[in-house]
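Asker: The sequence shown begins at 15 in our numbering and counts up one residue at a time. Virtual Cβ for every residue (Gly too), placed ideally from N, Cα, C.
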Amino acid sequence: MAERSFAKEVEKLRLGAGEEFAGEGILAITKALLQCGVGYVGGYQGAPISHLMDVLADAQDILGELGVHFEASASEATATAMLAASVHYPIRGAATFKSTVGTNVASDALANLASGGVTGGALIIVGEDYGEGSSIMQERSHAFAMKSQVWLLDPRPNLPSIVKAVEDGFELSEASNTPVMLQVRIRCCHVHGHFIAKDNKRPPMSVADALAAPRRDTGRIVLPPASFLHEKEKVAKRWPAAVNFLRERKINEIFGSDHGSVGIVMQGGMYNSVIRALQRLGLADTYGDTDVPLYVLNAVYPLIDDEFLAFCEGKQAVLVVEEGQPNYIEQAFAAMLHKAGRGTKLVGKEHLPMAGEYTGQVMLDGIGSFLRANAPHLLPGEVRAPNKVGEGVDAADLVNVVPGRPPGFCIGCPERPIFAATKLVEQELGKHHIASDIGCHLFSIMPPFELGATTMGYGLGPASASAFNSPEAKRRSISFVGDGGFWHNGLTSSIGNAVFNKNDGVIVIVDNFYSAATGGQDILSSRASNRTKSTKHPITEAVKGMGVKWLRHIDRTYDVGKMRAALHEALTTEEKGPKVIVASSECMLNRQRREKPLVDKAIKGGKRVVKPKFGVDEDICTGDHACMRLSGCPSLSVKSLDDPLRDDPVASIDQNCVGCGNCGEVADAAVLCPSFYRADVVHNPGRWDRFLEGARRAAIGLLQRRRERRRLVFADA
Numbered sequence: 015m016a017e018r019s020f021a022k023e024v025e026k027l028r029l030g031a032g033e034e035f036a037g038e039g040i041l042a043i044t045k046a047l048l049q050c051g052v053g054y055v056g057g058y059q060g061a062p063i064s065h066l067m068d069v070l071a072d073a074q075d076i077l078g079e080l081g082v083h084f085e086a087s088a089s090e091a092t093a094t095a096m097l098a099a100s101v102h103y104p105i106r107g108a109a110t111f112k113s114t115v116g117t118n119v120a121s122d123a124l125a126n127l128a129s130g131g132v133t134g135g136a137l138i139i140v141g142e143d144y145g146e147g148s149s150i151m152q153e154r155s156h157a158f159a160m161k162s163q164v165w166l167l168d169p170r171p172n173l174p175s176i177v178k179a180v181e182d183g184f185e186l187s188e189a190s191n192t193p194v195m196l197q198v199r200i201r202c203c204h205v206h207g208h209f210i211a212k213d214n215k216r217p218p219m220s221v222a223d224a225l226a227a228p229r230r231d232t233g234r235i236v237l238p239p240a241s242f243l244h245e246k247e248k249v250a251k252r253w254p255a256a257v258n259f260l261r262e263r264k265i266n267e268i269f270g271s272d273h274g275s276v277g278i279v280m281q282g283g284m285y286n287s288v289i290r291a292l293q294r295l296g297l298a299d300t301y302g303d304t305d306v307p308l309y310v311l312n313a314v315y316p317l318i319d320d321e322f323l324a325f326c327e328g329k330q331a332v333l334v335v336e337e338g339q340p341n342y343i344e345q346a347f348a349a350m351l352h353k354a355g356r357g358t359k360l361v362g363k364e365h366l367p368m369a370g371e372y373t374g375q376v377m378l379d380g381i382g383s384f385l386r387a388n389a390p391h392l393l394p395g396e397v398r399a400p401n402k403v404g405e406g407v408d409a410a411d412l413v414n415v416v417p418g419r420p421p422g423f424c425i426g427c428p429e430r431p432i433f434a435a436t437k438l439v440e441q442e443l444g445k446h447h448i449a450s451d452i453g454c455h456l457f458s459i460m461p462p463f464e465l466g467a468t469t470m471g472y473g474l475g476p477a478s479a480s481a482f483n484s485p486e487a488k489r490r491s492i493s494f495v496g497d498g499g500f501w502h503n504g505l506t507s508s509i510g511n512a513v514f515n516k517n518d519g520v521i522v523i524v525d526n527f528y529s530a531a532t533g534g535q536d537i538l539s540s541r542a543s544n545r546t547k548s549t550k551h552p553i554t555e556a557v558k559g560m561g562v563k564w565l566r567h568i569d570r571t572y573d574v575g576k577m578r579a580a581l582h583e584a585l586t587t588e589e590k591g592p593k594v595i596v597a598s599s600e601c602m603l604n605r606q607r608r609e610k611p612l613v614d615k616a617i618k619g620g621k622r623v624v625k626p627k628f629g630v631d632e633d634i635c636t637g638d639h640a641c642m643r644l645s646g647c648p649s650l651s652v653k654s655l656d657d658p659l660r661d662d663p664v665a666s667i668d669q670n671c672v673g674c675g676n677c678g679e680v681a682d683a684a685v686l687c688p689s690f691y692r693a694d695v696v697h698n699p700g701r702w703d704r705f706l707e708g709a710r711r712a713a714i715g716l717l718q719r720r721r722e723r724r725r726l727v728f729a730d731a
């Protein structure tokens, strides 16, 4: 159950020639694929490209009408390996995944695909996830394109340019027999706009047609001596073909004045930010017209020497706007100028940060600095002096103004009690080495749990603890892996590895029924029915199949006591070999997405609905806040009392509570104060409910009056 449905939006994919398409970038990419006659598509979800997979999943009826095969791939390597269908057959294929973690996983398949080359167009759409807001290590797709000799497109972030880049990518791939990567940043994925649509095309050859008439060419198979010939072909044939295509089609664009003493070269994805900075400097209008010459690289690899040198003709200085480090493009252009003996001054990181996302303010400051140093006459008088534009709160000052907001688990998350139980076990048995993994459960490294020492990749949590399973060890390691990571990579790389090497550590598989961190997509072990995918395959059966002997399944993680007991047993048992605990409870976000509309409909329809709410008895709460240190739920906060005799604020549960009961379970398991209570809120109560409510109120009133009389008696005495 994905976090967002595109069931209505995908109907726009049926638009024909001459009609105007309006929508989001990821929807436009899908439309472009269909207009290009794509034969098959595969991919793996991950920000900022997750919703592209969701769009494709919701559009399967339309894809089926056109004879397009779609798969939600097991991993990025699987998606890239799918493109083998384009090696021998003139079928256009596409794969999509998050970069750079996706390109890391896919690199083996990518290298082999690039070596043998393709006959049909092969397009890899990567969601570039670079910058401070990213959830991954900071790397760029550019290095993978260079390493494997695949061509890299980086279109301007507007719908016509994005759609054209998809078309150009397929044609470039076919013209040079090389896979092409299309890089789209978060702004590109989610930009809104419009373009004039074309008719969708059925693939001239479908995968079914290819199966009916198999082909093979030994020269395309990566095996010596062909693999060396592939390398020669890349340099002698494919590279020149790609450069000629890019030059003749004018894939890269030049804007602004034909003459000028300075110019700016940029990745296509940086165009909007550059224009906005020039606009704020008074050097461009709202339509992008500017007097500063701009060379926009919609293809950032390979680069075209004569095209760049022609742009530099007559210019004293050129600024290269290249987000991230190393500065591959700047280095390549510097080498071109040096070899050509040109005197144009090339600058980049002197005015722009070496690393980090080029936000609007960063771009404004950098371009302003470049122009003040090399062409101050272009700037209006009021912005020629440094720091006259874009002055604001310094980043260091911002830290002092805005409180820190570390990432954490959602309200009611079923993973929170798992780590509360882990903390309780550690209080009894001592600290353990804990290996984390990619996914929601990685938030356990943050307060209040502060658990986990490493994270080495998706599905590799237990593998990253394998070195600590020494026969001489007196204490076992603990490692975590999510259900998404388990099916992506963990079954073999972590579980299989642990069984084969007789590792003695404890492995906790966090099963929340979905690939939750990427948007709630279904996976093999999802409990829900899926009309196009096979689900309901238990993780426990897969683990047994790998040879695990010690296995425990907790089917309700909110039972902190039971979770704690399983962990304690795993850490203290005499049995050797990997100890695996599968901790299962549904992702609360997906559960709420499913249940809330049904509950609201029932209430509006007059049906009786009972909704649990939890609270804290202020008279009992001691105010030591231990419950928060073992829970961390955002709905569990503090409240100051009016009682002058109680200085410390007490625990309080706000209106965001979803009634999971974790706070009470933690308080009970940790033997904390019994101040938590549950109240069932009855909507549309019946006669029996009203009778019981009246009886309860009467009984409570009687007891309260009795207590008051006793208080008065003692007061008089």
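Taking Cβ positions, are His582 and Val524 nearer each other than 8 Å?
Answerer: Counting from 1 along the sequence shown, the entry for residue 582 is found at position 568. Counting from 1 along the sequence shown, the entry for residue 524 is found at position 510. No.
Asker: Run through the DSSP bridge pairs and tell me what Met195 is partnered with.
Answerer: Here residue 195 refers to the residue found at position 181 when the sequence shown is read from its first residue. Under DSSP, Met195 takes part in a beta bridge, and its partners are Ile138 and Leu166.
Asker: Which of the three DSSP states is assigned to Thr587 in this structure?
Answerer: Here the question's residue 587 lines up with position 573 in the sequence shown. Looking at Thr587 - three-state DSSP - the assignment turns out to be coil, as it is neither helix nor strand.
Asker: Measuring CB to CB, does Asn511 end up less than 8 Å from Tyr472?
Answerer: Numbered from its first residue, the sequence shown carries residue 511 at position 497. Numbered from its first residue, the sequence shown carries residue 472 at position 458. Going by C-beta atoms, Asn511 is not nearer than 8 Å to Tyr472.
Asker: Does the beta-carbon of Gly406 have 16 or more other beta-carbons within 10 angstroms, so that it is buried, or is it exposed?
Answerer: Numbered from 1 along the sequence shown, position 392 holds the residue referred to as residue 406. Interpretation of Gly406 is limited by its pLDDT of 48, a score under 50 that renders its predicted location unreliable; no figure is taken from the coordinates.
Asker: For Val24, does the three-state DSSP call read helix, strand or coil?
Answerer: Working through the sequence shown from its first residue, we reach residue 24 at position 10. Correct three-state label for Val24: helix.
Asker: Any heavy atom of the ligand ADP inside 7 Å of the beta-carbon of Asp694?
Answerer: Inclusion of the ligand ADP in the displayed structure is not the case, the ligand content being empty and no account of it being possible.
Asker: How big is the Cα-Cα spacing for Gly30 and Ile210?
Answerer: For the purposes of this step, residue 30 is identified with residue 16 of the sequence shown, where counting begins at 1. For the purposes of this step, residue 210 is identified with residue 196 of the sequence shown, where counting begins at 1. Answer to the nearest angstrom: the Cα atoms are 9 Å apart.
Asker: Using only CA atoms, which one of Asn214, Lys615, Pro648 and Leu124 lies nearest to Gly426?
Answerer: Translated into the one-based positions of the sequence shown, residue 426 becomes position 412. Among Asn214, Lys615, Pro648 and Leu124, the Cα nearest to that of Gly426 belongs to Pro648.
Asker: Measure the CB-CB distance between Gln281 and Leu311 and report whether it falls below 8 Å.
Answerer: As a position in the sequence shown, residue 281 is number 267, starting the count at 1. As a position in the sequence shown, residue 311 is number 297, starting the count at 1. Yes.
Asker: Between Ala21 and the rest of its own chain, which residues show a CB-CB distance below 7 Å, the 5 nearest in sequence each way excluded?
Answerer: Indexing the sequence shown from 1 puts residue 21 at position 7. Cβ within range, chain order: Asp72.
Asker: Using the Cα positions of Ser548 and Gly534, report the straight-line distance between them to the nearest angstrom.
Answerer: Position 534 of the sequence shown, counting from 1, holds the residue named residue 548. Position 520 of the sequence shown, counting from 1, holds the residue named residue 534. Distance between the alpha carbons of Ser548 and Gly534: 16 Å.
Asker: Beta carbon of Ser599, beta carbon of Arg570: below 8 Å?
Answerer: Translated into the one-based positions of the sequence shown, residue 599 becomes position 585. Translated into the one-based positions of the sequence shown, residue 570 becomes position 556. Taking 8 Å as the Cβ cut-off, Ser599 and Arg570 qualify as a contacting pair.
Asker: Just tell me which of Ser645, Val696 and Ser129 has its CA closest to the CA of Val624.
Answerer: Here residue 624 refers to the residue found at position 610 when the sequence shown is read from its first residue. Of Ser645, Val696 and Ser129, the residue nearest in Cα terms is Val696.
Asker: Pair every Cβ in the segment 286–294 with every Cβ in the segment 249–263, then say whether three or more of these pairs are closer than 8 Å.
Answerer: no
Asker: Just verifying my parser: in three-state terms, what is the DSSP assignment at Met280?
Answerer: In the sequence shown, residue 280 corresponds to position 266, counting from 1. In this structure, Met280 counts as strand in the three-state DSSP scheme.
Asker: Using a Cβ-Cβ cutoff of less than 8 Å, which residues in the same chain neighbour Lys558 once the five nearest sequence positions on both sides are dropped?
Answerer: On the sequence shown, position 544 is the one that residue 558 refers to. The residues are Leu565.
Asker: Taking DSSP as the reference, what is the three-state secondary structure of Arg692?
Answerer: Here residue 692 is taken as the residue at index 678 of the sequence shown, counted from 1. If DSSP states are grouped into helix, strand and coil, Arg692 belongs with the strands.
Asker: Suppose you measure from the CA of Gly404 to the CA of Lys161; what does that come to, to the nearest Å?
Answerer: As a working mapping, residue 404 is identified with position 390 in the sequence shown. As a working mapping, residue 161 is identified with position 147 in the sequence shown. For Gly404, the predicted model reports a pLDDT of 47, less than 50, meaning its position is unreliable and no value from the coordinates is stated.
Asker: What does DSSP give as the partner residues of Ile595 in its beta bridges?
Answerer: For this step, residue 595 is matched to residue 581 along the sequence shown. Val522 and Arg566, per the DSSP bridge assignment.
Asker: Are the CB atoms of Ala434 and Leu644 nearer to each other than 8 Å?
Answerer: Taking the first residue of the sequence shown as position 1, residue 434 is located at position 420. Taking the first residue of the sequence shown as position 1, residue 644 is located at position 630. Closer than 8 Å, so yes.
Asker: Using the three-state DSSP reduction, which class does Pro394 fall into: helix, strand or coil?
Answerer: Taking the sequence shown and counting its residues from 1, one reaches residue 394 at position 380. Pro394: coil per DSSP, three-state reduction.
Asker: Taking the CB atoms as reference points, tell me whether Gly131 and Arg28 lie closer together than 8 Å.
Answerer: Here residue 131 is taken as the residue at index 117 of the sequence shown, counted from 1. Here residue 28 is taken as the residue at index 14 of the sequence shown, counted from 1. The answer is no: Cβ separation not under 8 Å.
Asker: Quick one: residues in its chain with C-beta nearer than 6 Å to the C-beta of Val574, no 5 flanking neighbours on either side, listed in chain order?
Answerer: Taking the sequence shown and counting its residues from 1, the one referred to as residue 574 is at position 560. Here the set comprises Pro431, Ala434, Ala435, Glu679, Val680 and Ala683.
Asker: Just reading off the beta strand (DSSP E) that Tyr309 is part of, what are its end residues?
Answerer: Here the question's residue 309 lines up with position 295 in the sequence shown. Here the beta strand (DSSP E) through Tyr309 covers Leu308 to Leu311.
Asker: Tell me which residues share the same chain as Arg170 and place their Cβ nearer than 6 Å to its Cβ, disregarding the 5 neighbours each side in the sequence.
Answerer: The residue labelled residue 170 in the question sits at position 156 within the sequence shown. Closer than 6 Å at Cβ, skipping near neighbours: Gly282 and Tyr285.
Asker: Helix, strand or coil for Thr636, going by three-state DSSP, please let me know.
Answerer: The residue given as residue 636 occupies position 622 in the sequence shown. The answer is coil: DSSP assigns Thr636 none of H, G, I, E or B.
Asker: Let me know the secondary structure DSSP gives Val652 once reduced to three states.
Answerer: Translated into the one-based positions of the sequence shown, residue 652 becomes position 638. Strand, per DSSP.
Asker: If you follow the beta strand (DSSP E) that Pro626 is part of, which residue opens it and which one closes it?
Answerer: Stepping through the sequence shown from its first residue, residue 626 is reached at position 612. Val623 to Val630 is the extent of the beta strand (DSSP E) around Pro626.
Asker: Give me the Cα-Cα distance between Val520 and Arg489, rounded to the nearest whole angstrom.
Answerer: Taking the first residue of the sequence shown as position 1, residue 520 is located at position 506. Taking the first residue of the sequence shown as position 1, residue 489 is located at position 475. So the two alpha carbons sit approximately 11 Å from each other.
Asker: Out of curiosity, what's the CA-to-CA distance linking Thr300 and Val119?
Answerer: The count along the sequence shown starts at 1 and reaches residue 300 at position 286. The count along the sequence shown starts at 1 and reaches residue 119 at position 105. When rounded, the distance between both Cα atoms is 41 Å.
Asker: Helix, strand or coil for Leu360, going by three-state DSSP, please let me know.
Answerer: To locate residue 360, count along the sequence shown from 1; it is residue 346. Three-state DSSP puts Leu360 in a strand.
Asker: Okay, do the segment 52–65 and the segment 133–141 touch, 3+ Cβ pairs below 8 Å being the bar?
Answerer: These segments touch.
Asker: Please identify the residue among Gly296, Lys627 and Gly675 whose C-alpha is closest to the C-alpha of Gly382.
Answerer: Indexing the sequence shown from 1 puts residue 382 at position 368. Closest option to Gly382, Cα to Cα, is Gly296.
Asker: Give the secondary structure of Ser491 by DSSP, where H, G and I count as helix, E and B as strand, and everything else as coil.
Answerer: Walking along the sequence shown from the start, residue 491 turns up at place 477. Coil.
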